[in-house]
Amino acid sequence: GAGVSQSPSNKVTEKGKDVELRCDPISGHTALYWYRQRLGQGLEFLIYFQGNSAPDKSGLPSDRFSAERTGESVSTLTIQRTQQEDSAVYLCASSLRGMKNIQYFGAGTRLSVL
Amino acid sequence: AQKVTQAQTEISVVEKEDVTLDCVYETRDTTYYLFWYKQPPSGELVFLIRRNSFDEQNEISGRYSWNFQKSTSSFNFTITASQVVDSAVYFCALSRASGTYKYIFGTGTRLKVLA
Chain A
1 GAGVSQSPSN KVTEKGKDVE LRCDPISGHT ALYWYRQRLG QGLEFLIYFQ
51 GNSAPDKSGL PSDRFSAERT GESVSTLTIQ RTQQEDSAVY LCASSLRGMK
101 NIQYFGAGTR LSVL
Chain B
115 AQKVTQAQTE ISVVEKEDVT LDCVYETRDT TYYLFWYKQP PSGELVFLIR
165 RNSFDEQNEI SGRYSWNFQK STSSFNFTIT ASQVVDSAVY FCALSRASGT
215 YKYIFGTGTR LKVLA
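Following this line, the structure appears as structure tokens:
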């Protein structure tokens with residue numbers, strides 16, 4: 001596609017429910033990143049994919065968070081047993097590895113946990 | 115450890131004024147990249163510039179200019195003759211020049227340009 005696409009754009013859920021957030025990167029981009037942006041704060045790195053593998057998961061805040069990527073394309077970030085502190089905007093970015101590592105971002109998924 | 119500091123939380127200017135957004139970074143790497151992104155109300159981060167640590171030349175792109183000073187670990191961004199459309203949150207970011215290239219972001223500066 002022309003840009004990074006994320007869905008849904010907004011998600012409201014109840015505490016304790018599981019949620020899945022989807023990211024469609026730019027076609028051909030082998031690197032994919034997830035970041036979290038809490039209200040009024042900068043973006044925090046969560047996880048990095050190169051192809052379908054995730055060599056850096058260091059930013060995942062707890063074992064309730066997981067992510068996968070299939071076919072060197074779509075990625076899904078799953079949050080289990082959501083908590084109120086998970087409320088944030090989750091942004092996905094992709095890049096051509098080695099191509100000046102400029103990351104191109106989607107518009108994000110705004111998650112609200114009630 | 116790497117860190118990016120954007121001390122200005124919010125700046126308000128009147129249209130046509132010049133404005134400078136500050137960015138100070140910390141890293142032990144000798145080679146690294148610095149970036150500026152714009153986040154309009156739509157939420158999508160828009161890439162503005164990438165700077166390699168070896169390239170200290172200042173850059174100008176239209177009304178935008180960037181001043182990279184390695185000696186003070188700063189990478190400041192100036193908008194000349196600001197316009198209402200410049201209103202957004204601006205983020206400075208740092209990445210290593212190897213490995214995952216993940217970004218370390220500052221907390222952002224919200225710029226409000228008043229008509």
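One line per chain: the protein sequences are A and B, in this order.
Under my numbering, the residue at position 12 of the first sequence is numbered 12, and the numbers go up by one with no gaps.
Count along the second sequence starting at 1, add 114, and that's the number in my numbering.
Note that the Cβ used here is the ideal one computed from N, Cα and C, for glycine as well.
Would you give the residue range spanned by the beta strand (DSSP E) that residue i belongs to?
| i | result |
| --- | --- |
| residue 190 of chain B | 188-193 |
| residue 92 of chain A | 88-95 |
| residue 50 of chain A | 43-50 |
| residue 164 of chain B | 160-166 |
| residue 23 of chain A | 19-24 |
| residue 110 of chain A | 109-113 |
| residue 75 of chain A | 75-79 |
| residue 127 of chain B | 124-128 |
| residue 117 of chain B | 117-119 |
What's the gap between the Cα of residue i and the Cα of residue j?
| i | j | result |
| --- | --- | --- |
| residue 192 of chain B | residue 106 of chain A | 25 angstroms |
| residue 184 of chain B | residue 27 of chain A | 36 angstroms |
| residue 143 of chain B | residue 180 of chain B | 21 angstroms |
| residue 146 of chain B | residue 20 of chain A | 34 angstroms |
| residue 52 of chain A | residue 31 of chain A | 9 angstroms |
| residue 229 of chain B | residue 127 of chain B | 9 angstroms |
| residue 200 of chain B | residue 42 of chain A | 19 angstroms |
| residue 16 of chain A | residue 66 of chain A | 16 angstroms |
| residue 226 of chain B | residue 114 of chain A | 31 angstroms |
| residue 203 of chain B | residue 68 of chain A | 30 angstroms |
| residue 112 of chain A | residue 115 of chain B | 31 angstroms |
| residue 101 of chain A | residue 209 of chain B | 9 angstroms |
| residue 155 of chain B | residue 224 of chain B | 11 angstroms |
| residue 85 of chain A | residue 40 of chain A | 14 angstroms |
| residue 80 of chain A | residue 171 of chain B | 47 angstroms |
What is the DSSP secondary structure of residue i, counted as helix, strand or coil?
| i | result |
| --- | --- |
| residue 170 of chain B | coil |
| residue 185 of chain B | helix |
| residue 85 of chain A | helix |
| residue 56 of chain A | strand |
| residue 133 of chain B | strand |
| residue 199 of chain B | helix |
| residue 68 of chain A | strand |
| residue 144 of chain B | coil |
| residue 36 of chain A | strand |
| residue 153 of chain B | strand |
| residue 223 of chain B | strand |
| residue 30 of chain A | coil |
| residue 212 of chain B | coil |
| residue 9 of chain A | coil |
Is the beta carbon of residue j closer than 9 angstroms to that of residue i?
| i | j | result |
| --- | --- | --- |
| residue 175 of chain B | residue 139 of chain B | no |
| residue 149 of chain B | residue 169 of chain B | no |
| residue 207 of chain B | residue 166 of chain B | no |
| residue 89 of chain A | residue 222 of chain B | no |
| residue 8 of chain A | residue 36 of chain A | no |
Hey, is the segment 192-201 of chain B in contact with the segment 132-139 of chain B, meaning 3+ C-beta pairs nearer than 8 angstroms? yes
Are there three or more Cβ pairs, one per stretch, closer than 8 angstroms when the segment 62-74 of chain A is compared with the segment 116-126 of chain B? no
Determine, using beta-carbon pairs with one atom in the segment 160-169 of chain B and one in the segment 212-227 of chain B, whether at least three such pairs fall under 8 angstroms. no
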